[in-house]
Amino acid sequence: LAKTTQPISMDSYEGQEVNITCSHNNIATNDYITWYQQFPSQGPRFIIQGYKTKVTNEVASLFIPADRKSSTLSLPRVSLSDTAVYYCLVGDIRGTGGFKTIFGAGTRLFVKA
Amino acid sequence: DAGVTQSPTHLIKTRGQQVTLRCSPKSGHDTVSWYQQALGQGPQFIFQYYEEEERQRGNFPDRFSGHQFPNYSSELNVNALLLGDSALYLCASSLPLHMSGTAYYEQYFGPGTRLTVT
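Chains as they are written, first to last, in this note's numbering: chain V, 1147 to 1259; chain Z, 795 to 912.
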């Protein structure tokens, strides 16, 4: 399973764009990249998932370079409610035989007023 | 549609005791995964159940066992509790990607059960 490395913490101000980068140098050909958000005392919540290039949804964008050894989660115009821990996960999501999901330590984002 | 539900919310046990935690998956989901999350750390994968069988397992001792019922609900059992088992236990449900009807695979997490071992 590919190991991921993220910054431990980041600070931002309301209204700014936040970019969190995740390194996954050993990503395998069949691996996808997924980001989750977690608030205190709650379960993680799915944000976005991608395989290559750029993926965008109503919440965030995910940028994946051609070598796929890293990825960047972009949160546009953050608000105080975006203060949370963000996890980057890498793995093959297509199997029906079950697969492990490995969370790293995550990035603690603190948004200030 | 109720999402993933877990019971109980909180639990206090004594070292050496046994505990059973329960999870009901999101409606229509057939795969259940369990995670242990210690304070300040990311969730650690315990195991995953699909079609009532344990399909994948993380690095947890045999004291951790589980079960999935025909209605897809699941139980996590922990025997001979240790102080280090104190954590938030999370359950997540999902569908295989080819059945999800979407282009992505998503796990839906419950609120967790906070287990304290004294």
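Using N, Cα and C, we set each Cβ at its ideal position, and we do this for glycine too.
Host beta strand (DSSP E) of residue i (start-end)
i              : result
residue 1178/V : 1178 to 1184
residue 830/Z  : 825 to 831
residue 1254/V : 1253 to 1258
residue 1157/V : 1155 to 1159
residue 908/Z  : 907 to 911
residue 843/Z  : 838 to 844
residue 1209/V : 1207 to 1210
residue 849/Z  : 847 to 851
residue 799/Z  : 799 to 801
residue 1218/V : 1216 to 1221
Where residue i sits in the DSSP three-state scheme
i              : result
residue 878/Z  : helix
residue 856/Z  : coil
residue 1226/V : helix
residue 889/Z  : coil
residue 809/Z  : coil
residue 1232/V : strand
residue 1197/V : coil
residue 1164/V : strand
residue 1151/V : strand
residue 1237/V : strand
residue 1170/V : coil
residue 865/Z  : coil
residue 883/Z  : strand
residue 1249/V : coil
residue 1129/V : Since the first residue of chain V shown is 1147 and the last is 1259, residue 1129/V is not available in this structure.
residue 902/Z  : strand
residue 814/Z  : strand
residue 873/Z  : coil
C-beta atoms of residue i and residue j nearer than 8 angstroms
i              : j              : result
residue 805/Z  : residue 907/Z  : yes
residue 1264/V : residue 1238/V : Nothing about residue 1264/V can be read from this structure; chain V reaches only from 1147 to 1259.
residue 809/Z  : residue 877/Z  : yes
residue 1160/V : residue 1259/V : yes
residue 904/Z  : residue 1233/V : no
residue 798/Z  : residue 885/Z  : yes
residue 1169/V : residue 1216/V : yes
residue 1254/V : residue 1158/V : no
residue 1192/V : residue 901/Z  : yes
residue 817/Z  : residue 880/Z  : no
residue 1257/V : residue 1229/V : yes
residue 827/Z  : residue 1247/V : yes
residue 898/Z  : residue 888/Z  : no
residue 1183/V : residue 1224/V : no
residue 1150/V : residue 1231/V : no
residue 811/Z  : residue 875/Z  : yes
residue 911/Z  : residue 807/Z  : yes
Using a Cβ-Cβ cut-off of less than 9 angstroms, list which residues of the stretch 1175 to 1202 of chain V approach chain Z; keep chain order. Shown in chain order are the members of the stretch 1175 to 1202 of chain V whose Cβ falls below 9 angstroms from a Cβ of chain Z: 1178, 1180, 1182, 1184, 1187, 1188, 1189, 1190, 1191, 1192, 1194, 1195, 1196 and 1201.
Any contact of the stretch 1189 to 1197 of chain V with the stretch 1205 to 1220 of chain V, i.e. 3+ C-beta pairs under 8 angstroms? Three or more Cβ pairs closer than 8 angstroms define a contact, and the stretch 1189 to 1197 of chain V meets that threshold against the stretch 1205 to 1220 of chain V.
Going along the chain, which residues of the stretch 1206 to 1236 of chain V sit with their C-beta nearer than 9 angstroms to a C-beta in chain Z? Cβ contacts with chain Z: 1231 and 1233.
Take every Cβ of the stretch 855 to 874 of chain Z, pair it with every Cβ of the stretch 834 to 843 of chain Z, and state whether three or more of those distances are shorter than 8 angstroms. With the cut-off at 8 angstroms, the stretch 855 to 874 of chain Z and the stretch 834 to 843 of chain Z touch.
At a Cβ cut of 8 angstroms, what residues of the stretch 795 to 812 of chain Z count as close to chain V, listed as they run along the chain? Correct list: 798.
Select from the stretch 1154 to 1168 of chain V all residues with a C-beta closer than 9 angstroms to any C-beta belonging to chain Z, and list them in chain order. Closer than 9 angstroms at the C-beta level to chain Z, one finds no residue of the stretch 1154 to 1168 of chain V.
Residues, ordered as in the chain, of the stretch 853 to 866 of chain Z that lie near chain V by beta-carbon distance below 8 angstroms: Listed in chain order, the positions of the stretch 853 to 866 of chain Z with a beta carbon within less than 8 angstroms of a beta carbon of chain V would be empty, since no residue qualifies.
Interfacial residues, the stretch 840 to 854 of chain Z to chain V, with Cβ spacing under 7 angstroms: Result list: 842, 844, 849, 850 and 852.
To be precise: take each residue of the stretch 814 to 828 of chain Z, compare its Cβ to all Cβ atoms of chain V, and keep it if any distance is under 9 angstroms. Which residues remain? Correct list: 825 and 827.
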